[in-house]
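Take a look at the structure set out below.
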Amino acid sequence: MWVLLRGGYPLRILLPLRGEWMGRRGLPRSLVPGSPRRRYRKEALPALEVPVLPVTATEIRQYLRAHGISFQDGHSCLRAPSPFVKALQLKDQTGATASFSLFIDKTTGRFLCMTSLAEGSWEDFQASVEGRGDGAREGVLLGEAPEAEDSEEVQRIWDRAIPLWELPEPEEAQLARVMFGLTKVTDDTLRRFSVRYLRPARSLVFPWLSPGGLGLRGLKLLSAEVQGDEVHYKETTIPRPGVYHNLFGLPLISRRDVEVVLTGRELDSLALNQSTGLPTLALPRGTACLPPALLPYLEQFRRIVLWLGDDLRSWEAAKLFARKLNPKRCSLLREEVLGELSNVEQAAGIRWSRFPDLNRLLKGHRKGELTVFTGPTGSGKTTFISEYALDLCTQGVNTLWGSFEISNVRLARVMLTQFAVGRLEEQLDKYDEWADRFEDLPLYFMTFHGQQSIRTVIDTMQHAVYVYDICHVVIDNLQFMMGHEQLSTDRIAAQDYIVGAFRKFATDNSCHVTLVIHPRKEDDDKELQTASIFGSAKASQEADNVLILQDRKLVTGPGKRYLQVSKNRFDGDVGVFPLEFNKSSLTFSIPPKSKARLKKVKDDNGLVTKKPSSGKKGAVPQNSKTCLGQAHHPYQPDPSKPSR
10 MWVLLRGGYP LRILLPLRGE WMGRRGLPRS LVPGSPRRRY RKEALPALEV
60 PVLPVTATEI RQYLRAHGIS FQDGHSCLRA PSPFVKALQL KDQTGATASF
110 SLFIDKTTGR FLCMTSLAEG SWEDFQASVE GRGDGAREGV LLGEAPEAED
160 SEEVQRIWDR AIPLWELPEP EEAQLARVMF GLTKVTDDTL RRFSVRYLRP
210 ARSLVFPWLS PGGLGLRGLK LLSAEVQGDE VHYKETTIPR PGVYHNLFGL
260 PLISRRDVEV VLTGRELDSL ALNQSTGLPT LALPRGTACL PPALLPYLEQ
310 FRRIVLWLGD DLRSWEAAKL FARKLNPKRC SLLREEVLGE LSNVEQAAGI
360 RWSRFPDLNR LLKGHRKGEL TVFTGPTGSG KTTFISEYAL DLCTQGVNTL
410 WGSFEISNVR LARVMLTQFA VGRLEEQLDK YDEWADRFED LPLYFMTFHG
460 QQSIRTVIDT MQHAVYVYDI CHVVIDNLQF MMGHEQLSTD RIAAQDYIVG
510 AFRKFATDNS CHVTLVIHPR KEDDDKELQT ASIFGSAKAS QEADNVLILQ
560 DRKLVTGPGK RYLQVSKNRF DGDVGVFPLE FNKSSLTFSI PPKSKARLKK
610 VKDDNGLVTK KPSSGKKGAV PQNSKTCLGQ AHHPYQPDPS KPSR
């Protein structure tokens, strides 16, 4: 999902919606209608030249009062009569106004009309109220309807899927129940939730039903594969994950329900509903994101239990979601997570899969930290940091890029090449395959370029954290964002202020910020140090981690690059390790045949650190351990009751 953000609002998809190259991933080719082809969609929204200012809940209330619009204050939304519904529809038999069907998000101002399904930005709502356009009538504000090909595919799959209890072979039905952990889930529960089984793909099918359960808007398919002694699960959604906003189980919720359990998986929702009798809803993207578009459907509940998992990432996601939902009505699972929180390796964060030596030094990528990255001009800072961020993004870390020096198109091309580990220009037949997979990554871009106000950038970042649950922000680079109009003394003071603003943002929003800063002018024969970072010492003081890309020039041939960790606030381990640039894939890696290894030397302060040197033990092993924050666990629902 490549969304460009300007002023904190999504504007356009970076690449057009692409067609299927060999059928939708994870599904048999026979289930995909039509011949392979590429589809294109015209841009619905123009690029705004002036960033849209954020709106506050106070400003929304003042505007509604000024225009005589009554409203009710909710947990995360304001409720008001909808201007997108005809007056007759808003009157009951006594002539009084019916229930308020318009929900306005207190944080972003975006609205949703439950009756007409009209939705839009706060500016769209103002234009409709003030008579500056009839967006609802023209269909501009209506929710995006599924594309024809998606609708046909959804219906075709749904028609071919059958209930588990209707499988002709009892052995096949029993095997499916065992594979998906449904041995204790009754047929009645599966029937109430409309769960089916697709035999050709050996997948469970979970429907996305329209409000009221009258129409079919999409599907999620869950397939299982046995690999050795483990069962691995794979999800496929139609439409794509970015617009798949299905609260599984919503048609079973009544207006009288005041308590609900939110789960990260559909199977957990089935088991909990059967064992506790409580209303349950499954989030469409698990712990990855809680789309604000779903908040209006959760307004009626006075208590929400977050049942997302027992690992550290699930615990962090629950806390993040509770901030959107209003923490006062949310209950988190504490006992189950207590053991995981005491696990030092879990607390170390997400581990890189491409840079095992970085794991040995930094231990992992943690929320709420500030990383400062520097290196000589032309050494490949942007190329390295794009792979560094891409590595985390492929592991489910929602990432926002602010590229102020190079265009987003150029950056996306570099990242796509790194993702495919090869130049797709030389294998165009595989472009659609890799582009489809890359589009599903939780990767977002700001549309800023060149000098920008720090307040505007921070507002955009905060909006992205709220809407897309961003966990990692990359700013490349600080000097281009600041511009060059200020005097040298003012620039240093301004840089200190900006670094402090990013530090505060990382802490307040529990979001990791990676900040690229150019170094001072140094002699080519000297290695960069922490003191080489441009500006005062504030950048290195505020940073939790300082990374330096060393580029040692050689007269006889290409230079050698090393990554130096010169500061690590988590546990103090610092050191350097070699990198090797692969021009065809634009990636960095440890030289596979190098005898370099981490060794203890003295750093600038005389302290013991690690440095690569020749040795007999060979290179550091390339294969890293599985990310502890995303450790695989069997897809088994837990039927025990949620803690109060």
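The sequence shown runs contiguously to residue 653 in the working numbering.
Where a beta carbon is used, it is the ideal one built from N, C-alpha and C, also for glycine.
In this chain, the alpha helix (DSSP H) harbouring A136 covers 131-138.
Contact check for T117 and H472: beta-carbon distance about 7 Å, within the 8 Å limit, so the pair qualifies.
Take K569, set aside five residues on each side of it, and the residues of its chain with a beta-carbon closer than 6 Å to its own are R561, in chain order.
CA-to-CA, the gap between D499 and R578 works out to about 29 Å. With a 10 Å radius around the Cβ and a threshold of 16 neighbouring Cβ atoms, R119 comes out buried. Contact holds between the region 249-264 and the region 224-232, because three or more Cβ pairs, one in each stretch, are under 8 Å apart. Note that the C-beta distance between I526 and V381 is below 7 Å. Taking the Cβ atoms as the reference, L287 lies roughly 5 Å from V270, within the contact range of under 8 Å.
The beta carbon of W217 sits closer than 6 Å to the beta carbons of R226, G227, N255 from its chain, once the five residues preceding and following it are set aside; these are given in chain order.
For the 7 Å CB-CB criterion, I557 and L537 form a contact.
Boundaries cannot be given for W174, as no beta strand (DSSP E) includes it and DSSP labels it neither H nor E. Listed in chain order, the non-local C-beta contacts of V430 below 7 Å within the same chain comprise S594, T596, local neighbours out to five positions each way being set aside. With a cutoff of 7 Å on beta-carbon distance, S125 and V94 are scored as near each other. Contact check for L425 and L437: beta-carbon distance about 13 Å, past the 8 Å limit, so the pair fails to qualify. For R322, the closest C-alpha among the options Q183, E178, G373 is that of G373. The shortest C-alpha to C-alpha distance from C86 to any of F413, F310, L290 is the one to F310. Our two residues, Q236 and S388, have alpha carbons roughly 42 Å apart in a direct line. Counting of Cβ neighbours within 10 angstroms places S416 among the exposed residues, the total staying below 16.
The DSSP-derived three-state label of R226 is strand. Contact annotation: the region 356-369 does not touch the region 504-517, with fewer than three C-beta pairs closer than 8 Å. If you ignore the 5 residues before and after L401, its C-beta comes within less than 8 Å of the C-beta of I359, W361, H374, T408, H481, all in its own chain and listed in chain order. Within the same chain, M490, Y506, I507, A510 come within 8 Å of I463 by CB-CB distance, once the 5 residues on both sides are set aside. Every beta strand (DSSP E) stretch that sits fully inside the region 294-333 and reaches 3 residues is listed by chain position as 312-316.
Between the alpha carbons of I78 and A89 lies a distance of about 7 Å. With a cutoff of 7 Å on beta-carbon distance, T523 and V574 are scored as not near each other.
When DSSP states are grouped into helix, strand and coil, Y506 belongs to the helix group. When the alpha-carbon of T469 is set against those of N486, E414, W410, the nearest one is in W410.
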